[in-house]
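Asker:
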Amino acid sequence: MLSTGDLAPLAVLLPIVAAGLILVVGRRVPQPVVDLVALGAAVAVLGLAAALVTLTARDRAITWSGGWRPRAGVSVGIVLVVDPLGAALAALAAALTSCALLYSWRYLEQAEAHYQALMLLFLAGMVGFALSGDLFNMFVFFGLTGAVSYALTGMRIEEPDSVQGAFTFAAVNSLGAYLTLTGIGLLYARTGQLGLAQAGAALAGQPPDALVVAAFVLVSTGFLVKAAMVPLHFWLADAHAVAPTPVCVLMSGVMVELGVYGVARVHRVVFSATLDPAVPERTFVPMGVLTALVGAVMCVEQRHLKRLLAYSTIAHVGLFLTALGVGDAGAVAGVALYVAGHAGVKAALFLLSGLLLNRFRSVDEGGLYGRGRRDPSGWLFLLAGLALAGLPPFGPGLGKAVLEEASTVRHPWLLVVFVLVSAATGGAVLRIGVRIYLGRGHRPAGPEPAQISGADEEPEGGRGLSDTPATMLTAVVLLLAGGLAVGLVPPLARAAGHGAALFVDRDGYLSQVLSGADGHVPPVPPGIGWTASGVLLGLLSTAAAVVVAALALSDRRTHAVVDRIRPAVLLLRRLHSGHVGDYVAWLVVGVALLAALAGLPVR
9 MLSTGDLAPL AVLLPIVAAG LILVVGRRVP QPVVDLVALG AAVAVLGLAA
59 ALVTLTARDR AITWSGGWRP RAGVSVGIVL VVDPLGAALA ALAAALTSCA
109 LLYSWRYLEQ AEAHYQALML LFLAGMVGFA LSGDLFNMFV FFGLTGAVSY
159 ALTGMRIEEP DSVQGAFTFA AVNSLGAYLT LTGIGLLYAR TGQLGLAQAG
209 AALAGQPPDA LVVAAFVLVS TGFLVKAAMV PLHFWLADAH AVAPTPVCVL
259 MSGVMVELGV YGVARVHRVV FSATLDPAVP ERTFVPMGVL TALVGAVMCV
309 EQRHLKRLLA YSTIAHVGLF LTALGVGDAG AVAGVALYVA GHAGVKAALF
359 LLSGLLLNRF RSVDEGGLYG RGRRDPSGWL FLLAGLALAG LPPFGPGLGK
409 AVLEEASTVR HPWLLVVFVL VSAATGGAVL RIGVRIYLGR GHRPAGPEPA
459 QISGADEEPE GGRGLSDTPA TMLTAVVLLL AGGLAVGLVP PLARAAGHGA
509 ALFVDRDGYL SQVLSGADGH VPPVPPGIGW TASGVLLGLL STAAAVVVAA
559 LALSDRRTHA VVDRIRPAVL LLRRLHSGHV GDYVAWLVVG VALLAALAGL
609 PVR
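Residue numbers (the working numbering): 9 to 611.
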């Protein structure tokens with residue numbers, strides 16, 4: 009019988025082996041066989057990850073691959089440290105990959121077997137990152153996800169925009185990865201360790217000198233680039249605009265969230281005992297709010313559907329980042345629920361946008377006006393928009409409610425940010441959904457200055473679809489149902505609370521990894537679930553989203569407020585220039601800003 013220690017490596021190895029098998033036999037077997045093998049492998053990984061979630065419900069599971077355990081305090085082996093939140097992220101990655109592959113069954117019929125192989129390698133990298141207990145291996149696994157996602161983004165090499173988007177994605181993220189590797193080198197030079205627990209133990213109690221601060225900033229940079237934190241975010245919308253829609257599901261639903269997870273894990277285990285305790289609060293609360301507001305503004309003013317959804321992701325990542333500043337188990341539990349609910353809802357929206365693209369050869373709000381009137385899936389789109397705004401009992405609403413409860417203890421003003429950002433992003437989705445599927449409101453004119461249109465796009469599947477295949481619609485319904493289940497099933501909220509308590513328990517993590525001691529169950533934070541105030545705030549943000557959509561659907565020329573802020577919006581558009589040199593310059597600015605905030609002298 010397989011033990012917990014066997015399941016974790018198997019969850020990483022299985023998609024790699026399946027990808028290799030597909031590459032070997034993919035051209036010799038019918039396409040449905042390739043699809044079935046890929047989907048079966050993703051579902052099997054989902055089963056393994058779900059088993060890990062269950063088996064670690066009370067404790068962590070430590071696996072030293074190949075039996076290479078530490079000796080005399082020195083480790084050279086690959087360690088996988090599985091706790092409930094890491095296992096849940098692995099399960100989320102597998103679930104989204106399964107739905108993306110199911111959706112691709114007819115959507116990308118012309119794709120050769122390398123598409124399925126790359127998707128499985130993408131899954132392997134995400135699972136390995138979520139379960140790794142070693143800093144260098146986290147870098148390797150995230151590097152795998154990066155290399156594979158670059159290839160998937162630029163898969164349609166006959167289209168210049170696809171190649172350009174993939175190049176921008178690769179250039180900015182590769183530079184971030186090099187900075188992370190430099191930070192790992194500095195940390196290794198100071199501690200002689202690469203394991204998270206070993207490095208954390210070596211740094212504990214040491215003064216937070218310039219080298220330690222620099223290591224933290226540089227290690228965090230690569231993860232925060234993946235997480236699309238402002239001003240490290242510019243690549244995200246360009247990549248989502250050209251990537252195949254099923255790939256957007258993985259990038260927006262779990263890859264960027266893994267960046268947030270990576271920073272939280274590394275700070276908690278490695279740096280929290282040496283850095284000033286105020287570093288997370290003074291760094292990630294302001295940076296998270298800035299990210300949320302920039303993402304929300306850019307989301308509202310988009311007419312390109314996939315870009316709109318990408319900026320919505322940036323806005324929600326900003327809300328997730330504020331939890332790093334709060335830092336307690338309640339905030340972590342709120343983010344866990346928020347991420348799970350957001351992944352299902354946002355993935356469904358991306359898949360619905362793919363249906364529009366393949367049917368009408370456009371993802372432009374003006375070009376699609378009224379063309380989806382007879383499409384019953386439009387009601388799913390509108391429902392997902394309401395869920396994104398925080399409508400109870402959907403998962404995003406529950407996660408927002410729990411995160412609001414935890415965050416406003418120290419920062420009551422964050423409540424306004426959460427409501428405004430949820431209303432803006434949900435309202436933007438509702439606005440574009442009403443125009444496309446109901447044909448209501450005035451028809452948008454042509455693109456404004458520096459605004460990108462999504463007209464005259466080529467179908468991703470190589471040909472248009474006259475109807476919606478059952479496999480594609482099933483994937484959408486499963487994702488929305490998952491987003492609803494997060495908010496409706498009470499045991500999931502309790503599990504998130506327990507997982508969050510283990511996540512913030514640094515001493516327990518170190519003792520189990522370093523000495524093999526039995527873990528203890530830390531107290532679960534109270535109030536993880538729906539409350540009366542959480543429901544009311546969810547209804548408030550949903551109502552505000554409806555108002556935002558209604559105002560946008562009227563003649564915008566009648567709104568003096570819009571005219572007053574137009575110069576600022578135009579400036580923000582122009583900053584998103586699409587030039588990789590500009591984005592690299594902003595990356596340097598972001599690193600300097602992180603260093604300034606993290607390195608402020610202790611008062």
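Every residue, glycine too, gets a C-beta built ideally from N, C-alpha and C.
Only counting the same chain, and skipping five residues up and downstream in sequence, which positions put a Cβ closer than 7 Å to that of residue 62?
Answerer: Result list for residue 62: empty, nothing under 7 Å.
Asker: Which residue from 256, 414, 418 and 500 puts its Cα closest to that of residue 65?
Answerer: Of 256, 414, 418 and 500, the residue nearest in Cα terms is 500.
Asker: Throw me the rounded Cβ distance for the residue 430 and residue 549 pair, which I believe falls under 8 Å.
Answerer: Confirmed, Cβ separation roughly 4 Å.
Asker: Mark residue 573 as exposed unless 16 or more other C-beta atoms lie within 10 angstroms of its C-beta, in which case mark it buried.
Answerer: Classification for residue 573: exposed.
Asker: Helix, strand or coil for residue 73? Go by DSSP, reduced to three states.
Answerer: Residue state, collapsed to three classes: helix.
Asker: Just curious, the alpha helix (DSSP H) that residue 156 is in, first and last residue?
Answerer: It spans 143-161 - the alpha helix (DSSP H) in which residue 156 sits, taken as one unbroken run.
Asker: So, with DSSP's three-state summary, where would you put residue 140?
Answerer: Here residue 140 sits in strand by DSSP.
Asker: Check this for me: beta carbons of residue 295 and residue 329, under 8 Å apart or not?
Answerer: Yes, Cβ-Cβ distance for residue 295 and residue 329 is below 8 Å.
Asker: Taking the C-alpha atoms as reference points, what is the distance between residue 466 and residue 105?
Answerer: C-alpha separation (whole angstroms): 24 Å.
Asker: Pick out whichever of 58, 89, 39 and 107 has its Cα sitting closest to the Cα of residue 486.
Answerer: Comparing Cα-Cα distances from residue 486 to each of 58, 89, 39 and 107, the minimum goes to 107.
Asker: Skipping 5 residues on each side, what residues in its chain have a beta carbon closer than 8 Å to that of residue 416?
Answerer: Once the five neighbours on either side are set aside, the close Cβ partners of residue 416 are 422 and 423.
Asker: With DSSP collapsed to three states, give me the class of residue 79.
Answerer: Residue state, collapsed to three classes: strand.
Asker: How would you label residue 579, buried or exposed, when you count the other beta carbons within 10 angstroms and need 16 or more for buried?
Answerer: Flag for residue 579 reads exposed.
Asker: Quick one: give me the first and last residue of the alpha helix (DSSP H) that residue 88 is part of.
Answerer: Taken as a continuous stretch (DSSP letters only), residue 88 belongs to no alpha helix (DSSP H), being part of the beta strand (DSSP E) at 87-90.
Asker: At the level of alpha carbons, what is the spacing between residue 262 and residue 375?
Answerer: The straight-line gap from Cα to Cα measures roughly 30 Å.
Asker: May I ask you to list the residues that DSSP assigns as paired with residue 203?
Answerer: Answer is 142, bridged to residue 203.
Asker: Relative to the C-alpha of residue 359, which residue among 402, 346, 293 and 258 is closest?
Answerer: Considering only alpha carbons, the answer is 258.
Asker: Give the straight-line distance between the Cα atoms of residue 229 and residue 591, rounded to the nearest whole angstrom.
Answerer: In a straight line, the C-alpha of residue 229 is about 14 Å away from that of residue 591.
Asker: Assuming residue 43 is part of the alpha helix (DSSP H), what are its boundary residues?
Answerer: Per DSSP, residue 43 belongs to the alpha helix (DSSP H) from 39-63.
Asker: What is the rounded straight-line gap between the Cα of residue 160 and the Cα of residue 254?
Answerer: Straight-line Cα distance between these residues: approximately 10 Å.
Asker: Pairing CB atoms from the stretch 270-286 with CB atoms from the stretch 385-394, are three or more of them under 8 Å?
Answerer: No: the two stretches stay apart, fewer than three of their Cβ pairs being nearer than 8 Å.
Asker: Using 8 Å as the threshold, is the C-beta distance between residue 345 and residue 410 below it?
Answerer: Contact: yes.
Asker: Tell me whether the beta-carbon of residue 406 lies closer than 8 Å to the beta-carbon of residue 278.
Answerer: No, the pair does not count as a contact, with Cβ atoms beyond the cut-off.
Asker: Residue 588: which of 178, 54 and 248 sits nearest, CA to CA?
Answerer: Here the closest residue by C-alpha is 178.
Asker: Between the stretch 185-198 and the stretch 167-174, do three or more beta carbon pairs fall short of 8 Å?
Answerer: No contact exists between the stretch 185-198 and the stretch 167-174.
Asker: Relative to the C-alpha of residue 418, which residue among 286, 404 and 273 is closest?
Answerer: Looking at the Cα atoms, 286 is the closest of the given residues.
Asker: Between which two residues does the alpha helix (DSSP H) carrying residue 269 extend?
Answerer: Here the alpha helix (DSSP H) through residue 269 covers 264-274.
Asker: Do you know offhand how far residue 452's Cα is from residue 373's?
Answerer: Taking the straight line joining both Cα atoms gives about 7 Å.
Asker: Would residue 554 pass as a contact of residue 438 if the rule is Cβ separation under 8 Å?
Answerer: Yes; because the gap between Cβ atoms is below 8 Å, this pair is in contact.
Asker: According to DSSP, which residues form a beta bridge with residue 312?
Answerer: According to DSSP, residue 312 bridges with 372.
Asker: What is the residue span of the alpha helix (DSSP H) that residue 248 lies within?
Answerer: Its alpha helix (DSSP H) spans residues 243-250.
Asker: Residues in the same chain with beta-carbon distance under 6 Å from residue 162, minus the five sequence neighbours each way, listed in chain order, please.
Answerer: So the list reads 170, 171 and 174, once near-sequence residues are dropped.
Asker: Smallest Cα separation from residue 32: which of 121, 20 and 87?
Answerer: Closest by alpha carbon: 121.
Asker: By a C-beta neighbour count over all protein chains shown, 10 Å radius and 16 as the cutoff for buried, is residue 214 buried or exposed?
Answerer: Its Cβ having fewer than 16 others within 10 Å, residue 214 is exposed.
Asker: Verify whether the separation of the beta carbon atoms of residue 605 and residue 290 is less than 8 Å.
Answerer: Yes; because the gap between Cβ atoms is below 8 Å, this pair is in contact.
Asker: If you compare alpha carbons, which of 125, 86 and 412 is closest to residue 141?
Answerer: Checked all of 125, 86 and 412; the closest Cα to residue 141 is 86.
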